[in-house]
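One structure is given below, encoded as structure tokens.
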Amino acid sequence: MNKRMISGIKPTGSVTLGNYIGALKQFIRYQDEYEMFIFLADLHALTLPIDANELKENARNLLAIYLACGLNPEKVVIFRQSDVPEHAELGYVMCCNSYMGELQRMTQYKDKVQNIKSDNIPTGIFIYPTLMAADIILYQANYVPVGIDQKQHVELARDLVIRFNHRYGDTFVLPEPVLSKQGAKIYSLLNPTKKMSKSESEKGTIYLLEDLKITRKKIMSAVTDSDNEVRYDVINKPGISNLLVIMSELTNRSIEDLEKEYATGGYGNFKKAVADVVCNELEKLQNKVNEIKNSDLIDKILAEGAIKASKIAKDTLREVYSKIGLR
Ligand code: TYM
Numbered sequence: 073m074n075k076r077m078i079s080g081i082k083p084t085g086s087v088t089l090g091n092y093i094g095a096l097k098q099f100i101r102y103q104d105e106y107e108m109f110i111f112l113a114d115l116h117a118l119t120l121p122i123d124a125n126e127l128k129e130n131a132r133n134l135l136a137i138y139l140a141c142g143l144n145p146e147k148v149v150i151f152r153q154s155d156v157p158e159h160a161e162l163g164y165v166m167c168c169n170s171y172m173g174e175l176q177r178m179t180q181y182k183d184k185v186q187n188i189k190s191d192n193i194p195t196g197i198f199i200y201p202t203l204m205a206a207d208i209i210l211y212q213a214n215y216v217p218v219g220i221d222q223k224q225h226v227e228l229a230r231d232l233v234i235r236f237n238h239r240y241g242d243t244f245v246l247p248e249p250v251l252s253k254q255g256a257k258i259y260s261l262l263n264p265t266k267k268m269s270k271s272e273s274e275k276g277t278i279y280l281l282e283d284l285k286i287t288r289k290k291i292m293s294a295v296t297d298s299d300n301e302v303r304y305d306v307i308n309k310p311g312i313s314n315l316l317v318i319m320s321e322l323t324n325r326s327i328e329d330l331e332k333e334y335a336t337g338g339y340g341n342f343k344k345a346v347a348d349v350v351c352n353e354l355e356k357l358q359n360k361v362n363e364i365k366n367s368d369l370i371d372k373i374l375a376e377g378a379i380k381a382s383k384i385a386k387d388t389l390r391e392v393y394s395k396i397g398l399r
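For the sequence shown, the residue numbers in the numbering used here are 73 to 399.
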């Protein structure tokens, strides 16, 4: 039997080029090779306050993006996390098997808390990695394709699996993170030492569904160094290196190849070429998203996905409940 792979994206805002290169493109790459489960992590979207209508709209866009990118529902189980209540149930069990100390060490938690200017830190963002662990192990997944910012959470899932299996006997498969070789961290165009993210700056982040005139402008004003030589050098040329990675990932050409082609012509010429590639890719994607959003395809796929995912989730939870003494 094929090895299993699982991953998800949370519908908290517009999907970014970082999500696309770090996660979505990996999903497409592996869908023929593994038994794949891709879900919409809508329970995770509740960890910080979000408007209900906005959440619904984001969720629909994200599902349309999954399909428009080329995820094939005949090969991949595509589903919504909240349609399978076993995620929350196993999440609670994992929460009870975790320690405050290990959750306090999660760097994403530490970063997020720093940005909250009040004492009311939502408990959800603290325990969120335990729900993420449940998402993965509920399906006995071997591999988890993610960007680098999620690697630590997959490692926590591994720790929880080892602990649970040790306490209650062999129950869960030990999952492994899978990172894109060069695209596991796409950086902000304005601050190329920081991750491109929904919460970083608007101008430094490319959104898959944004107006392409804005995309072009963002790329043309991407922060770079001043020596005008297109060369991959993360330390001295983080901005140019980031653009090289983006272009390489979208064209499947090597960075060396791109360095040679853009050796002369300066940064303006190179940025224009990057903007052409990105806008071209996004234009195709946006057209498909619009077609899909207006069809009834999404509801049909979600209904089928929920049935397939539930079957496996129920089996796992039954075994867990029996082992821990709830059945
Ligand atoms: P989320 O929604 O923040 O991000 C979705 C995926 O995109 C990757 N990513 C990036 N990759 C490269 N460069 C970037 N700038 C960049 N920004 C984001 C993320 O690493 C992620 O792979 N907790 C997860 C969702 C989740 C999940 C799971 C993933 C919930 N349960 C179980 C895997 C397995 C999250 O918030 O990702």
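All C-beta atoms, glycine included, are put in the ideal place defined by N, C-alpha and C.
The residue among Gln98, Pro201, Gln176 with its C-alpha nearest the C-alpha of Ala117 is Pro201. When the alpha-carbon of Val302 is set against those of Ala229, Gly338, Leu389, the nearest one is in Gly338.
For Glu248, the three-state secondary structure derived from DSSP is strand.
Each residue's CA atom was taken as its position, placing Leu112 and Asn352 some 26 Å apart. Each residue's CA atom was taken as its position, placing Gly255 and Pro121 some 30 Å apart.
Three or more Cβ pairs drawn from the segment 286-306 and the segment 347-367 lie within less than 8 Å of each other, which places the two stretches in contact. The ligand TYM has no heavy atom closer than 7 Å to the beta-carbon of Asp123. Bounds of any alpha helix (DSSP H) do not take in Gly255, whose DSSP letter is neither H nor E.
Contact check for Val233 against Val226 fails: the beta carbons are separated by 8 Å or more. Put simply, of Lys182, Phe236, Asp183, Gly196 the residue whose alpha carbon is nearest the alpha carbon of Asn169 is Phe236. In the three-state reduction of the DSSP assignment, Met268 falls in the coil class. Annotation for Ala160: Leu115 place their beta carbon closer than 7 Å to its own, counting only its chain and skipping 5 residues before and after. For Ile384, the Cβ stays outside the 7 Å cut-off from all heavy atoms of the ligand TYM.
The shortest C-alpha to C-alpha distance from Tyr393 to any of Gly90, Tyr240, Ala205 is the one to Tyr240. Placement of the Cβ of Ile93 at a distance of less than 7 Å from at least one heavy atom of the ligand TYM is found. With respect to the C-alpha of Asn133, the residue from Ile93, Glu333, Tyr171, Ser86 having the closest C-alpha is Ser86. Beta-bridge partners of Lys189 (DSSP): none assigned.
Residue Leu89 holds the alpha-carbon nearest to the alpha-carbon of Leu281 among Lys75, Asn308, Leu89.
If you keep only unbroken alpha helix (DSSP H) runs of at least 4 residues inside the segment 293-338, you get 310-323, 327-333. Shown here for Thr323: same chain residues with a beta carbon closer than 7 Å to its own, the five before and five after excluded, namely Val349 in chain order.
In the DSSP assignment, Leu112 falls outside any alpha helix (DSSP H) and lies within the beta strand (DSSP E) extending over 107-112. For the pair Phe109 and Ala378, the Cα-to-Cα distance works out to about 11 Å.
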